[in-house]
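**Q** This is the structure I have questions about; it appears just below.
Structure representation (structure tokens):
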């Protein structure tokens, strides 16, 4: 697109100023009430008994001793509590809705028989205190008829593999067809015949857990036929709708409250079995029930990022033009399909000839689901590693190779704006790319070697429907009602800033009510990089409406109020709307020990106009560091002999600590493309999409061997260097 | 970070039934008390501890500067005492097994994991929690720095981070970034807000003018 548009960002009053969170004081004084901090009179505590084996039919379950224990109030199992958890298993792996819940063939109940992974719920107990509930679990006797199990997705598709579902281990699509996900464009064979060289390789990525600090919990409380659920969720509106559907209630019979929650990164999308089990126990015991998961239960019982195996075949001409791209890949979904199993990244290239085949495969591991940019980081690692390797093989700078081949807007596919070139150029300059990369990988003398890697991305920043309500009272104080939950990025503050800007008042004049479905209108939920854009647009529209009312009727006085609401349905006029980024990473690898240290990291992002530069910065830094962890450390390992998970915790799961992370240098290129609230795009998922790829490319550049499997642990480095 | 080549996890062999804390203590209480897990806390200052029943003990401790006489069950951890019985829910439980640091409180000024201390060991000791840092509505220097530097994303690890930082500043009033990282290595932040946290603590040291 040669046409130059002025997307300049003019200064504003509130937006664009680094602003402390409106609830920052609550967060630093311990006053912020998270779900586990809630207390209701007569509240019981509940715990879950979980499968010890990866695959078994339950032939007997005896809860009588548990029920007789003093203080135990209710015990439920698959025999007396059969509730379908709709969002827990979805044909096609899409966010589920009424038709898909009906259609889903492989249904997941709150308690399943057979059990299909270590950690799957078998029974739940409510008791007067936590210790009694735990003790009761140990009194439940379960007889298992153990079944064969399978852990690896490729292995699971072999005919001799253990069968997890009657139709086999390939997860069905949303029409219950047992077909892989296939994308084709152009002529793949013709593309390969145009190539001078063809490169083929295999990459793999691990199951890693979201591992948000707050383990799953839920506090359920019934008043008549109305259920109130305090639960950590990334979307109160979706959580309410899903919970109501699963329990056979109308939406208005369920109230979801989530004021503060301790992170999610996709782990707390929709509703959870936790919510349904707590609600069921509360119903049976006629008392409020607080169900708590331990860290290990959260690790095994909820979900993490799907592990993948990716086979690529790429054709290039001698001048470095990609002519054909092919991928055959496998995503391990665990025994239920909670999400797509997607592997993205190839779409960032302009090559006309593409064929992508992904097999979402059932295994007897912990279920896979959303983790911050669900389909992206592992796919970008695969394709960016592939392209980085090709560039070095044909003697090109990977940055030049990218500039030659990356997707750009066309007349057929216009973008609202496109700033990838600027991101890459600015990043290369800040990082001093030419000086830091080794033109000959692994060429440093001696055992300690440095190298540099590069990656890029473009990611959806689409618009969509959400709602907001805004009110002004006789004191000229405004109240904004938005159904957001502040899971960490700072949505409450962001929404308040957007309202203050549009209303032309200071942020202190805007109170924000959020996190309660009985007080707030629908919001899209804190997932998919949507809240700032979609709920933000609704806030702008509601405030515009309120300003019109004020202009017509004057400011309210006394007990009068004016109220405006908006549920806009914005579009991007058929244009692609993306955010953009380029990352540059330098590492130092000690080839004697296999250790890797990130010595410099530069991230240049275009996320439209920044609403709150302070929280936007920390979204990028935090996500980038999570991606470094995915590249170098994290893996939920299983014992192949008995199907037992081995690394289900912070220590053994090897989460990065203060000492493991570098300073992430972030620069934003700000634009206003005319869409989104004041031109804002998204920042939440962006950073993690491309950081594993940048780190892996840097390690490969340092050691002179292509690192094809994540995480790049010491043993994997020693394997290639010693 | 554990050794990347070490994939064993002694606690992961089974998921359920896990040995409950009560059972564990019934079988091993003597051993636990005798081990050197918390040498500074075990067996000291227990002059007032009174065994009041089969499994409970009356203790006296100071919590956020206020003397409290409480009867604790012997299997209660410190974090249970604080959260469930003293209504101090600012201290969070992230792992309940000494891996994440979310439950960090100060005992006699030293940062400890409250999930891994028995409440009964607190007899005669002084405990400071996140609720005890602000005075007369005035945030502590560390708390204010966390506000100003966006030190909390989801906020769940924040109380623990702040407690460890507070202890650090009392022994080293103006630490540099490397010193902060070393002192706070036991406090995991999955939002990975590490850069902002370190900036906050370094700045808190500067604001202190070198005096904690």
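Chains as they are written, first to last, in this note's numbering: chain A, 1 to 722; chain B, 1001 to 1212.
All residues carry an ideal CB built from backbone N, CA and C; glycine is no exception.
Source: prediction; values computed, not measured.
For residue 166 (chain A), does the count of other Cβ atoms within 10 angstroms reach 16, so buried, or fall short, so exposed?
**A** Indexing the first chain from 1 puts residue 166 (chain A) at position 166. With fewer than 16 other Cβ atoms inside 10 Å of its own Cβ, residue 166 (chain A) counts as exposed.
**Q** Kindly list, in the order they appear in chain B, the residues whose Cβ is closer than 9 Å to that of residue 295 (chain A).
**A** The residue you call residue 295 (chain A) lines up with position 295 of the first chain. Within chain B, the residues near residue 295 (chain A) are 1093, 1094, 1095, 1096, 1097, 1099 and 1100.
**Q** Are the C-beta of residue 1194 (chain B) and some C-beta of chain A separated by less than 7 Å?
**A** Numbered from its first residue, the second chain carries residue 1194 (chain B) at position 194. Residue 1194 (chain B) counts as touching chain A.
**Q** Tell me the rounded alpha-carbon separation between residue 306 (chain A) and residue 206 (chain A).
**A** The residue labelled residue 306 (chain A) in the question sits at position 306 within the first chain. The residue labelled residue 206 (chain A) in the question sits at position 206 within the first chain. If I take the Cα positions, the gap works out to 7 Å.
**Q** Do residue 348 (chain A) and residue 685 (chain A) count as a contact pair if the criterion is CB distance below 7 Å?
**A** Taking the first residue of the first chain as position 1, residue 685 (chain A) is located at position 685. Taking the first residue of the first chain as position 1, residue 348 (chain A) is located at position 348. Their beta carbons are not under 7 Å apart, which means residue 685 (chain A) does not touch residue 348 (chain A) by this criterion.
**Q** Which residues in chain A have a C-beta closer than 9 Å to the C-beta of residue 958 (chain B)? List them in chain order.
**A** Because chain B here runs from 1001 to 1212, residue 958 (chain B) falls outside it and cannot be looked at.
**Q** Specify, as a first and last residue, the run of the alpha helix (DSSP H) that residue 565 (chain A) falls within.
**A** Translated into positions along the first chain, residue 565 (chain A) becomes position 565. Here residue 565 (chain A) belongs to no alpha helix (DSSP H); instead the beta strand (DSSP E) covers 561 to 566.
**Q** Whose Cβ in chain B lies nearer than 7 Å to the Cβ of residue 389 (chain A)?
**A** Translated into positions along the first chain, residue 389 (chain A) becomes position 389. Chain B residues near residue 389 (chain A): none, gap ~23 Å exceeds 7 Å.
**Q** Cβ closer than 9 Å: which chain B residues qualify as neighbours of residue 621 (chain A)?
**A** As a position in the first chain, residue 621 (chain A) is number 621, starting the count at 1. By Cβ distance, chain B contributes 1192, 1193, 1194, 1195 and 1196.
**Q** Are any of the Cβ atoms in chain B nearer than 7 Å to that of residue 20 (chain A)?
**A** Here residue 20 (chain A) refers to the residue found at position 20 of the first chain. Yes, its Cβ sits closer than 7 Å to a Cβ of chain B.
**Q** With DSSP as the reference, identify every bridge partner of residue 406 (chain A), one or two as the case may be.
**A** Residue 406 (chain A) sits at position 406 when you count from the first residue of the first chain. BP columns for residue 406 (chain A) point to A:349.
**Q** For residue 161 (chain A), which of A:174, A:55 and A:402 has the nearest alpha-carbon?
**A** For the purposes of this step, residue 161 (chain A) is taken as residue 161 along the first chain, with counting starting at 1. The shortest Cα separation from residue 161 (chain A) among A:174, A:55 and A:402 belongs to A:55.
**Q** Counting only beta-carbon atoms, is residue 1028 (chain B) nearer than 7 Å to chain A?
**A** Here residue 1028 (chain B) corresponds to residue number 28 of the second chain, with the count starting at 1. Residue placement at residue 1028 (chain B) cannot be trusted, given a pLDDT of 42 that sits under 50; the coordinates are not used to answer.
**Q** Report the three-state DSSP secondary structure of residue 256 (chain A) (helix, strand or coil).
**A** The residue given as residue 256 (chain A) occupies position 256 in the first chain. Three-state result, residue 256 (chain A): strand.
**Q** Measuring alpha carbon to alpha carbon, tell me which residue in A:222, A:472, A:396 and A:98 is nearest residue 560 (chain A).
**A** One-based indexing of the first chain puts residue 560 (chain A) at position 560. The candidate whose alpha carbon is nearest that of residue 560 (chain A) is A:472.
**Q** Just by C-beta distance, which residues in the region 120 to 139 of chain A are closer than 7 Å to chain B?
**A** 131, 134, 135, 137 and 138
**Q** As an exercise, report each continuous alpha helix (DSSP H) stretch of at least 4 residues that is fully enclosed by the region 1101 to 1178 of chain B, in chain order.
**A** 1141 to 1148 and 1158 to 1171
**Q** Could you tell me the distance, in whole angstroms, from the CA atom of residue 1076 (chain B) to the CA atom of residue 289 (chain A)?
**A** Here residue 1076 (chain B) refers to the residue found at position 76 of the second chain. Here residue 289 (chain A) refers to the residue found at position 289 of the first chain. Going from the Cα of residue 1076 (chain B) to the Cα of residue 289 (chain A) covers about 21 Å.
**Q** Return yes when the Cβ of residue 213 (chain A) is within less than 7 Å of the Cβ of residue 262 (chain A), no when it is not.
**A** Walking along the first chain from the start, residue 262 (chain A) turns up at place 262. Walking along the first chain from the start, residue 213 (chain A) turns up at place 213. Yes, the pair counts as a contact, with Cβ atoms nearer than the cut-off.
**Q** Taking only runs of the alpha helix (DSSP H) that begin and end inside the region 71 to 136 of chain A, which ones reach a length of at least 4 residues, in chain order?
**A** 98 to 103
**Q** DSSP three-state call for residue 521 (chain A): helix, strand or coil?
**A** As a working mapping, residue 521 (chain A) is identified with position 521 in the first chain. Three-state result, residue 521 (chain A): coil.
**Q** Identify every residue that forms a DSSP beta bridge with residue 144 (chain A).
**A** Working through the first chain from its first residue, we reach residue 144 (chain A) at position 144. Residue 144 (chain A) pairs with A:58.
**Q** With contact counted as at least three CB pairs below 8 Å, one residue from each stretch, are the region 442 to 453 of chain A and the region 680 to 698 of chain A in contact?
**A** yes
**Q** Rounded to a whole number of angstroms, what is the C-alpha to C-alpha distance between residue 259 (chain A) and residue 513 (chain A)?
**A** Numbered from its first residue, the first chain carries residue 259 (chain A) at position 259. Numbered from its first residue, the first chain carries residue 513 (chain A) at position 513. Those two C-alpha atoms are separated by around 9 Å.
**Q** For chain B, find out if any of its Cβ atoms is closer than 7 Å to the Cβ of residue 707 (chain A); answer yes or no.
**A** Against the first chain, residue 707 (chain A) aligns to sequence position 707. No, no contact with chain B.
**Q** Which term fits residue 1039 (chain B), buried or exposed, when burial requires 16 or more other beta carbons within 10 angstroms of its beta carbon?
**A** Within the second chain, residue 1039 (chain B) is the residue found at index 39, counting from 1. Because the pLDDT at residue 1039 (chain B) is just 31, under 50, the model does not fix this residue reliably, and the value given afterwards should be weighed accordingly. Answer is exposed; the Cβ neighbour count stays below 16.
**Q** Between residue 569 (chain A) and the rest of its own chain, which residues show a CB-CB distance below 7 Å, the 5 nearest in sequence each way excluded?
**A** Residue mapping note: residue 569 (chain A) aligns to position 569 of the first chain, counting from 1. Only 465 meet the Cβ criterion.
**Q** Can you list, in chain order, the residues of its chain whose CB lies under 7 Å from that of residue 701 (chain A), leaving out five sequence neighbours each side?
**A** Counted from its first residue, the first chain places residue 701 (chain A) at position 701. The answer, listed in chain order, is 437, 438, 441, 451, 452 and 453.
**Q** Run down chain B in chain order and give the residues with a C-beta less than 7 Å from the C-beta of residue 487 (chain A).
**A** Sequence index remark: in the first chain, residue 487 (chain A) carries index 487 (1-based). Those within 7 Å of residue 487 (chain A) in chain B are 1154.
**Q** Taking C-beta pairs closer than 8 Å, name the residues in chain B that residue 392 (chain A) reaches, listed in chain order.
**A** Within the first chain, residue 392 (chain A) is the residue found at index 392, counting from 1. None at all; the shortest Cβ gap to chain B is about 26 Å.
**Q** Could you list which residues in chain B have their beta carbon closer than 7 Å to that of residue 777 (chain A), in chain order?
**A** Given a span of 1 to 722 for chain A in the structure shown, any question on residue 777 (chain A) remains unanswerable.
**Q** With H, G and I counted as helix, E and B as strand and the rest as coil, what does DSSP make of residue 631 (chain A)?
**A** If you number the first chain from 1, residue 631 (chain A) lands on position 631. The answer is helix: DSSP assigns residue 631 (chain A) an H, G or I state.
**Q** Quick check on residue 1201 (chain B): does DSSP put it in helix, strand or coil?
**A** Within the second chain, the letter at position 201 stands for residue 1201 (chain B). Helix at residue 1201 (chain B).
**Q** Do residue 371 (chain A) and residue 266 (chain A) have their C-beta atoms within less than 7 Å of each other?
**A** Locating residue 371 (chain A) in the first chain gives position 371, where the first residue counts as 1. Locating residue 266 (chain A) in the first chain gives position 266, where the first residue counts as 1. It is a contact, given that the beta carbons lie within the stated cut-off.
**Q** Closest by CA to residue 218 (chain A), which one among A:537, A:271 and A:174?
**A** The sequence position of residue 218 (chain A) within the first chain is 218, counting from 1. Closest by alpha carbon: A:271.
**Q** Quick one: what's residue 1082 (chain B) bridged to in DSSP?
**A** In the second chain, counting from the first residue as 1, residue 1082 (chain B) sits at position 82. DSSP lists no partner for residue 1082 (chain B).
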